[in-house]
Amino acid sequence: MNAEIIPVKTGAELAFAEAFAAAKAALPGDRAVAALREAALRDFNTTGLPSRRVEQWHYTDLRAMLRDAKPLAAAPDAAAKARADEAGRLVGDIDARRLVFVDGVFVPELSDLANLSAGLIVRPMAQALAAGDPLVARHLGKVAPPEAEGVVSLNTALMRDGALIHVVKGATVERPIHLVFAATGQKPASVFTRSLVVVEDGARAMFIESHDAAEGRQVNTALELVVGDKAHVDHVKITAGPDDLIHVSSLMAAIGAQAHLNAFAFNIGGGVVRNQTFVRFDGEGTVAGLRGATLLKGKQHVDSTLMVDHKAGGCQSREVFASVLDDESRSVFQGKIVVRPHAQKTDARMMTRSLLLSDNAEANSKPELEIFADDVQCGHGATAGALDEDLRFYLMARGIPKADAEALLVQAFVGEAVEGIEHAGLRDALMAQVAAWLKARRS
Amino acid sequence: MGAAVAKDGLRRNNEVPMLEVKNLHVTVDGKQILNGLDLTVNKGEVHAIMGPNGSGKSTLSYVMAGKPGYEATQGQILLDGEDLLTMEPDERAAKGLFLAFQYPLEIPGVATMTFLRTALNAQRKKRGQDELSTPAFLKLVRDAAAKLEIDPEMLRRGVNVGFSGGEKKRNEVLQMALLEPRLCVLDETDSGLDIDALKIVSDGVNRLRSPDRAMVVITHYQRLLEHIVPDVVHVLSRGRIVRSGGKELALELEARGYAEYQQEEAALAS
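Protein chains in written order, with our numbering: chain A, 23 to 465; chain G, 157 to 426.
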C-alpha cells in the first residue's frame, strides 16, 4: 500500500495564495504575464514552500522557518525613499550606475538612467511586463531551474518589479551597473523582485546587486541571466540585513559558447539567507567562476546552494566558497555538478572551506558530482576547522595581540575567495566590510 | 643575585642579568621535557645551547615564547627581572623577546609587508611609541631586506609562501632586524641552510650583536657557531644544562659527540 503524504498547508502557504488572489489584478503584466503568474501559483500550490524533505532544502527548512507570511510590501513613501538613499553603501564608493529599488519598486529619482552607453538598454521590470517587452516573452521563466522550485514559482507569481537589462551584441558597458535593493518601509512586509539580464554575443558588462533591509522583511528575489556566445559577465551579489530578515535569492544563468561568467556572492547579514544559483552551460568552451564568502554571527543561517549543469562539453567551472562562523551560526554549502553524457572535456572543480570561530557554530557542506561523460576532470573538496593555533602563535610571537592575529587570519581566509572578484575597488570595499565585521566582533 | 650565584663559573658583572631561567620544569602533553633548567644570560652575551635530539632544546625556545601546550610546572623565566611565564606571547615580544623559528610558518593571504608592519606597530604601541609613517616603514624594510639579499618582490607575497628554506630563515632574521628585540632566541637557525645561505643569515645575526642585546643560539651542530661565535656554550641533556664552557666546548662536542652526556645523565639517574 502506498501512503502518499500530502502535507497540510502552512499558514504562510495559504497566506501567499490569498495574497496572490487579492493582488493579481494589480500586479503588472499583460495577458501572457498573467497566465505565467497563474501557472506559477499552481506550481507553488503543488510544491508548497520547500521543507527538509526536499533534498536541496534539507538543511534549510524554509517551510518551518517561514511560518508567517508578511503582507505584500506597499509602494514606498517619501520617508522610505529618503532612507533608501543611504543604501548601496555596501559597495563602498566605487563608480557605478545605480538603479534603486525600494520595497521592490523601482525609484527613478534615486536612479541613474542618464547617458546610457551605446548598446545598453535598461527598463523597469514592471513596465516591461505591462508592455509585453519581447525579451520578457522570450526569456522570462525560461532560464528556470531543471526541477520545480517552490520559491521561484512563488517569485514568478508575485513578482512586482526589478530590472530588465539588455546589452546588445558586441557592446561593452564600462561602468558597473549596481542594482540597489533596499527594503526601508515602516512596516514588516514581503518583497518579490524579479530581474532579467540579457547580455548578447560578444558583449561585456558587470552587475552588482546589493540587498539590505529594515526589520521584519521577507525577501524573495530572482534574477535570470542570459549570456551570449563570447560574452563576458561579472555578477556580484551582496546581502546584508537584520537578524529577522528572511532572504531567498535565485540566480539562474544560461551561458552560450566561449563565454565567461564570473559570479560572486558576499553575505554579511540576515537571519536566514538562501542563495541558490543555477548555471547551465549551453555552449562549448565557456569558463564560469562561482565564488562566495559568508560571515555569520549570532544565530544567522546562510545557505549557498549551487547547481552547475554541464550540458555542453569543453567548459570549465570553478567554485570557491569560504564561510566564517561565530557564535551559534550555521552555514550550508551544497554544490552539485552535473556533467551530461555528451559534455566531454568538462573541467569542473569545487571547493568549500569553513572556519569555525566558536564551538557552537555549525558548518554543513555537501558537494555532489553526477558525471555521465567519461572524458572529464572533476573534483571537489570541503574543509572545516578552527583557526590554526600555530599560525596564531607565530603572529603573536611577533608582538601582534591575539584579537589582531585572529583578524589577520580571518581576513586572509576570506581574501582568498574575494580575490576572485575582478573589480579591485569592489574587492577593497568588501574587505573593508570584513574588517568592520571583525572589529564589531571584538567590541 | 649577580656574581655570587654564577653556577657555571663564567664571567659576570653586577647588573641584573638580562635573562634568568630558574629551575624550569616543563611538560608537553603530560610528558616532562625540561627538568630543572637553569640559565643566566647577561646583556651583550651570546650563549649557545647544544645537545642531542630530544634533550629539550626546542621546548626551551617554545616555552620562552609562550607556545600553547608547553606548560611550565615549576620555575621562572625572568627577562630583565620580569617573569615571562605570566605573559601572553605578544606581551613577551613587546618586552623584547624574539624567537627565530626552526620551521617558520607559511601564512597564505597575509602579505609579508602587512605582517611586518602590523607586528612593528603593535610592539611600538605597547611601548607607548607612535606608529611609523608609511615612508619611514618602507625605507626601514627596504634597507633591512637589502642587507639580507631579500628580493623586495618577495615581501609582497604571503608570509613565507613559496619561500625556500633559506629564504624563510632570512625572513626570520629580517623580522628580528626590524623588531630590534633585547633578547634573540634562535632555534636551529642553521637547519636546512646551504653554506651561502648560512653565511648571509649569520652575517645578519652578527650585525645585530650589540652590548645591549643578548642571544641564545640553539643548535645541534657546531657549524653555525663558526659563524656566530658564542661567549658561552651549554650542553643540554634530558631537560637540564649539564655542562657549560667557552666556545671551545662546541669543538669538543663536535669531535666526541653527545654520547657521554647521555651516559653521564643515565649514570646520575641510576
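Think of the CB as a built atom: it goes at the ideal place given N, C-alpha and C, for glycine as much as any other residue. On a predicted model such as this, the values are computed, not experimentally measured, just so you know.
If you compare alpha carbons, which of the options is closest to residue i?
i	options	result
Phe300(A)	Asp349(A), Val294(A), Lys358(A)	Lys358(A)
Ser272(A)	Leu431(A), Gly163(A), Gly114(A)	Gly163(A)
Asp256(A)	Glu196(A), Leu283(A), Phe128(A)	Leu283(A)
Met269(G)	Val172(G), Val317(G), Gly322(G), Leu405(G)	Val317(G)
Leu234(G)	Tyr417(G), Met174(G), Arg379(G)	Met174(G)
Asn327(A)	Ser380(A), Thr368(A), Glu390(A), Gln366(A)	Correcting the residue type first, residue 327(A) is Thr in the shown sequence and not Asn. With distances taken between Cα atoms, Thr327(A) lies closest to Glu390(A).
Val341(G)	Val184(G), Val197(G), Lys178(G)	Val197(G)
Ala159(A)	Asp52(A), Ala136(A), Ala227(A), Ala193(A)	Asp52(A)
Ala253(A)	Asp331(A), Arg226(A), Ala385(A)	Arg226(A)
Phe499(A)	Val248(A), Phe288(A), Val202(A), Ala454(A)	There is simply no residue 499(A) to check, as chain A begins at 23 and stops at 465 in what is shown.
Asn297(A)	Val324(A), Val174(A), Ala136(A)	Val324(A)
Gln78(A)	Gly305(A), Asn386(A), Gly407(A)	Asn386(A)
Ala39(A)	Tyr81(A), Lys191(A), Asp90(A)	Asp90(A)
Gly293(A)	Gly250(A), Phe415(A), Glu108(A), Val241(A)	Val241(A)
Glu169(A)	Ala109(A), Ala235(A), Phe66(A)	Phe66(A)
Pro245(G)	Leu151(A), Met418(A), Thr82(A), Leu71(A)	Met418(A)
Ile433(G)	Leu335(G), Gln258(G), Glu305(G), Leu380(G)	Absent from the model: residue 433(G). The displayed extent of chain G is 157 to 426, so no value can be given.
Lys92(A)	Ala406(A), Ala104(A), Glu35(A)	Glu35(A)
Ala211(A)	Gly184(A), Asp125(A), Phe288(A), Ala279(A)	Asp125(A)
Glu171(G)	Lys199(G), Gly186(G), His181(G), Leu193(G)	Lys199(G)
Asp265(A)	Ile230(A), Ala451(A), Gly320(A), Val76(A)	Gly320(A)
Ala395(A)	Leu413(A), Arg352(A), Asp331(A), Val436(A)	Asp331(A)
Arg338(G)	Gly252(G), Ala292(G), Asn191(G)	Gly252(G)
Ala221(G)	Gly212(G), Gly210(G), Val202(G), Leu255(G)	Leu255(G)
Leu335(G)	Phe319(G), Val184(G), Leu288(G)	Leu288(G)
Thr68(A)	Ala97(A), Thr32(A), Ala48(A), Ala458(A)	Thr32(A)
Glu438(A)	Ser345(A), Ser351(A), Cys337(A)	Ser345(A)
Pro156(A)	Val354(A), Leu218(A), Lys333(A)	Leu218(A)
Thr137(G)	Glu238(G), Gln378(G), Gln188(G), Ile263(G)	The requested residue 137(G) is not part of the displayed model; chain G covers only 157 to 426.
Met147(A)	Glu171(A), Ile443(A), Met181(A), Val173(A)	Met181(A)
Gly348(G)	Ser400(G), Phe319(G), Arg298(G), Met332(G)	Phe319(G)
Pop quiz: residue i and residue j are said to be a contact at Cβ under 8 Å. What is the actual Cβ separation, rounded to whole angstroms?
i	j	result
Ala179(A)	Ala62(A)	4 Å
Asp134(A)	Arg120(A)	5 Å
Val361(A)	Val309(A)	With a Cβ gap of about 16 Å, Val361(A) and Val309(A) do not count as contacting.
Glu246(A)	Val165(A)	4 Å
Val373(G)	Lys325(G)	Not confirmed; about 13 Å, so no contact.
Leu272(G)	Leu304(G)	That pair is no contact at about 13 Å.
Ala383(A)	Asp348(A)	6 Å
His181(G)	Leu190(G)	6 Å
In the structure shown, what three-state DSSP assignment does residue i receive?
i	result
Asp450(A)	helix
Ser358(G)	helix
Gly33(A)	helix
Gly357(A)	strand
Phe42(A)	helix
Pro386(G)	coil
Arg394(G)	coil
Glu344(G)	coil
Gly294(G)	A small correction: the amino acid at residue 294(G) is Leu; Gly does not occupy that position in the sequence shown. Looking at Leu294(G) - three-state DSSP - the assignment turns out to be helix.
Lys388(A)	strand
Gly401(G)	strand
Met157(G)	With a pLDDT of only 35 at Met157(G), under the threshold of 50, the placement of this residue in the model should not be trusted; the figure read from the coordinates follows. Three-state DSSP puts Met157(G) in coil, outside helix and strand.
Val436(A)	helix
Ile351(G)	helix
Ala522(A)	This structure does not reach residue 522(A), given that chain A is present from 23 up to 465, and the question cannot be answered.
Glu176(G)	strand
Ser426(G)	Confidence is the limiting factor: at Ser426(G) the pLDDT is only 45, short of 50, which leaves the residue's position unreliable, though a coordinate-based value still follows. Three-state DSSP puts Ser426(G) in coil, outside helix and strand.
Gln455(A)	helix
Gly165(G)	Any reading at Gly165(G) is ruled out, since the residue's pLDDT is 44, under 50, leaving its predicted position unreliable.
Gln316(G)	One detail in the question is off: residue 316(G) reads as Asn in this sequence, not Gln. Asn316(G) falls in the coil class under three-state DSSP.
Asn327(G)	helix
Asp299(G)	helix
Pro146(A)	strand
Give the interface partners of residue i over in chain D, defined as CB-CB distance under 8 Å, in chain order.
i	result
Met418(A)	Here chain D cannot be found, since the structure's protein chains are A and G.
Secondary structure, alpha helix (DSSP H): runs of 4+ residues fully inside the segment 64-142 of chain A: For the segment 64-142 of chain A, whole alpha helix (DSSP H) runs of length 4 or above, ordered along the chain, are 84-87, 100-106.
Those runs of the alpha helix (DSSP H) which lie wholly inside the segment 179-265 of chain G and span at least 4 residues: Every unbroken stretch of the alpha helix (DSSP H) spanning 4 or more residues and falling wholly within the segment 179-265 of chain G is given here in chain order: 213-221, 245-250.
contact_flag[the segment 220-231 of chain G, the segment 365-378 of chain A] where n(CB pairs < 8 Å) is 3 or more: Output reads no: the segment 365-378 of chain A does not touch the segment 220-231 of chain G.
Complete runs of the alpha helix (DSSP H) confined to the segment 149-235 of chain A [at least 4 residues]: Taking only runs of at least 4 residues, the alpha helix (DSSP H) segments lying wholly in the segment 149-235 of chain A are 156-161, 172-180.
Whole beta strand (DSSP E) elements within the segment 287-343 of chain A, 3-residue minimum: Note on the segment 287-343 of chain A: whole beta strand (DSSP E) runs with a minimum of 3 residues are 294-303, 309-318, 323-332, in chain order.
Contact between the segment 361-373 of chain G and the segment 270-286 of chain G (3+ Cβ pairs under 8 Å): Contact between the segment 361-373 of chain G and the segment 270-286 of chain G is absent, because fewer than three Cβ pairs lie under 8 Å.
Cβ contact (3+ pairs, closer than 8 Å) linking the segment 256-264 of chain G and the segment 420-428 of chain A: Cβ pair count under 8 Å is below three, so no.
Beta strand (DSSP E) runs contained entirely in the segment 240-279 of chain A, provided each spans 3 or more residues: List check, beta strand (DSSP E) in window: 254-261, 268-277.
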